[in-house]
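All remarks here apply to the structure that follows.
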Amino acid sequence: MPELPEVEHQARALRRILEGATIDRAEADRTPVLKGTTTPASFAAALAGRSFEGIERVGKQLLLAFDGGAGLASHLGMTGRWRVRAGDEGPRHGRARLFLRDGRVLDYVDVRMLGRLEIVPRASFAAIVASLGPDPLRDGLDAERLAARIGGSGRPIKTVLLDQTVLAGLGNIQVTEALFHARVHPERPANTLTPAEIAALAEGILATILHTLAVHERDEEIVYLSDRTDAPNPFLVYGRVGEACPRCGKPITTITIAGRTSPHCPRCQRLTRSDLRRGRG
DNA sequence: CGACGCACCTGTGCGC
DNA sequence: TGCGCACAGGTGCGTC
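For the first sequence, full-length UniProt numbering assigns the number 1 to the initial residue and increments by one for each residue that follows.
Written out as structure tokens, the structure reads:
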């Protein structure tokens, strides 16, 4: 569920919460969330008594650094989140928890357990960062850079943008919104985009990330948009199939690409036979 | 290399 | 009211 803006929102919240904090005790349940060699026992042992030294986010990865060279890599998957406990009782679907010296408890909550927690040496953070493409928010993005990343790939632009080694942090919503901004059909072969379209896409990527982040930052706490069923849909086309395109009024339609729903405007985001032919050739 | 299905998981909402 | 199914903002594997 979380994409770059949600993960950034979490990173900022965790930075505030953990500033100057020490972990007295840590627990993780035996669930598929624990990856690699991490077990409930090694999770507890690696984090007990550690003081927090920093957090960085790259793409959808959260990397927490502690003293003594210890690190915690946290990927939220579809439904993961960190939250500070309000009462004594742990939240539903809590999978791990950090008991801070000042009495607060930080819970890792993950309904579907598609997220990941892994104890890794801080020294390995660089390798994780290196395995991902540039992060639009951290590293910036412009037309030239995006063109270089897309390269000559004839794959659908949507598939390319979802590839975390091309750009880090984009997910189905952000890609959907960015393509709408740039008026580019999700199935357009990446190598058929004009320089103007690539420029518009770079702009669209940054615009949708900043917009989504701003919506999240209205909440001090870690709250997901989907938590608030009362809140209006903040997106232009995502979640709006059948509604009128905000630009031209034509109903938003959807197709499936790489197994993901891809809402788009059939008029603003055209795909021609010639595009497909040029992409293959 | 790339497209595709499937697996990993649970919860929710919708149609019958 | 209940059941079954499709679907959900992610990733990684095996297979053709």
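All C-beta atoms in this analysis are idealised placements derived from N, C-alpha and C, irrespective of residue type, glycine included. Keep in mind the model is a prediction, meaning the values are calculated, not measured.
- Message: Can you tell me whether Q164 is helix, strand or coil according to DSSP?
- Response: Within the first sequence, numbered from 1, the residue matching residue 164 stands at position 164. Correct three-state label for Q164: coil.
- Item | Exposure of E3, with buried meaning 16 or more beta-carbon neighbours within 10 Å | Taking the first residue of the first sequence as position 1, residue 3 is located at position 3. By the 10 Å Cβ count, E3 comes out buried.
- When the distance is taken between beta carbons, is V237 closer than 9 Å to E177? As a position in the first sequence, residue 177 is number 177, starting the count at 1. As a position in the first sequence, residue 237 is number 237, starting the count at 1. For E177 and V237, yes; Cβs fall inside 9 Å.
- Looking at C-beta atoms only, is the number of pairs between the segment 100-113 and the segment 53-67 that lie closer than 8 Å three or more? no
- How is the beta strand (DSSP E) around F99 delimited, first residue to last? Here residue 99 is taken as the residue at index 99 of the first sequence, counted from 1. Looking at the DSSP string, the run of the beta strand (DSSP E) that includes F99 is 94-100.
- Query: According to the Cβ coordinates, are P156 and I55 closer than 9 Å?
  - Reply: As a first step, residue 156 must be located in the first sequence, where it is residue number 156. As a first step, residue 55 must be located in the first sequence, where it is residue number 55. Contact flag unset, no.
- Item | Where V58 falls: helix, strand or coil (DSSP) | On the first sequence, residue 58 is found 58 positions in, with the first residue counted as 1. If DSSP states are grouped into helix, strand and coil, V58 belongs with the strands.
- Message: Helix, strand or coil, according to DSSP, for V175 in the structure here?
- Response: Numbered from its first residue, the first sequence carries residue 175 at position 175. Residue state, collapsed to three classes: helix.
- Starting from V7 and walking both ways along the alpha helix (DSSP H), at which residues does that stretch end? Residue mapping note: residue 7 aligns to position 7 of the first sequence, counting from 1. Residues 4-18.
- Applying the criterion that 16 or more other CB atoms from any shown protein chain within 10 Å of the CB defines a buried residue, is C265 buried or exposed? Position 265 of the first sequence, counted from the start, is the residue given in the question as residue 265. Under this definition C265 is a buried residue.
- Task: Please check the pair P189 and D275, which I expect to be a contact at CB under 8 Å, by giving their CB distance rounded to whole angstroms.
- Result: Taking the first sequence and counting its residues from 1, the one referred to as residue 189 is at position 189. Taking the first sequence and counting its residues from 1, the one referred to as residue 275 is at position 275. At roughly 6 Å, the Cβ-Cβ gap stays under 8 Å, so P189 and D275 are in contact.
- Message: Please state whether the Cβ-Cβ distance between L167 and L193 is less than 9 Å.
- Response: In the first sequence, residue 167 corresponds to position 167, counting from 1. In the first sequence, residue 193 corresponds to position 193, counting from 1. No, the pair does not count as a contact, with Cβ atoms beyond the cut-off.
- Message: So A28 and F43 are supposed to be a Cβ contact under 8 Å. How far apart are they, rounded?
- Response: Along the first sequence, read from residue 1 onward, the residue named residue 28 stands at position 28. Along the first sequence, read from residue 1 onward, the residue named residue 43 stands at position 43. Contact holds; Cβ gap of about 4 Å.
- For L117, does the three-state DSSP call read helix, strand or coil? Taking the first sequence and counting its residues from 1, the one referred to as residue 117 is at position 117. DSSP places L117 in strand when its eight states are reduced to three.
- Got a sec, what are the start and stop residues for the beta strand (DSSP E) H75 sits in? On the first sequence, residue 75 is found 75 positions in, with the first residue counted as 1. It spans 70-75 - the beta strand (DSSP E) in which H75 sits, taken as one unbroken run.
- Task: With distances taken Cα to Cα, identify the nearest neighbour of A207 among H181, A231, V84.
- Result: As a position in the first sequence, residue 207 is number 207, starting the count at 1. Ranking H181, A231, V84 by Cα distance to A207 puts H181 first.
- Item | Nearest candidate by alpha-carbon position, reference L100, set L162, P232, E19 | Your numbering for residue 100 matches position 100 in the first sequence. Measuring from the Cα of L100, the nearest candidate turns out to be E19.
- Query: Straight-line CA distance for V223 to V7?
  - Reply: For this step, residue 223 is matched to residue 223 along the first sequence. For this step, residue 7 is matched to residue 7 along the first sequence. Below a pLDDT of 50, predicted positions are generally treated as unreliable, and V223, at 48, falls in that range; the measurement from the model is reported next regardless. Rounded to the nearest angstrom, the two C-alpha atoms are 11 Å apart.
- Backbone secondary structure at I252 - three-state DSSP: Residue mapping note: residue 252 aligns to position 252 of the first sequence, counting from 1. Three-state result, I252: coil.
- Since F52 sits in a beta bridge, which residues does DSSP pair it with? Walking along the first sequence from the start, residue 52 turns up at place 52. The partner list for F52 (beta bridge, DSSP) reads F66.
- Query: Given L76, which residues of its chain have a CB within under 6 Å of its CB, disregarding the five upstream and five downstream residues?
  - Reply: Residue mapping note: residue 76 aligns to position 76 of the first sequence, counting from 1. Excluding sequence neighbours, L76 sits near P2, G115.
- Item | Helix, strand or coil at V129 according to DSSP, with G and I counted as helix | Counted from its first residue, the first sequence places residue 129 at position 129. V129 falls in the helix class under three-state DSSP.
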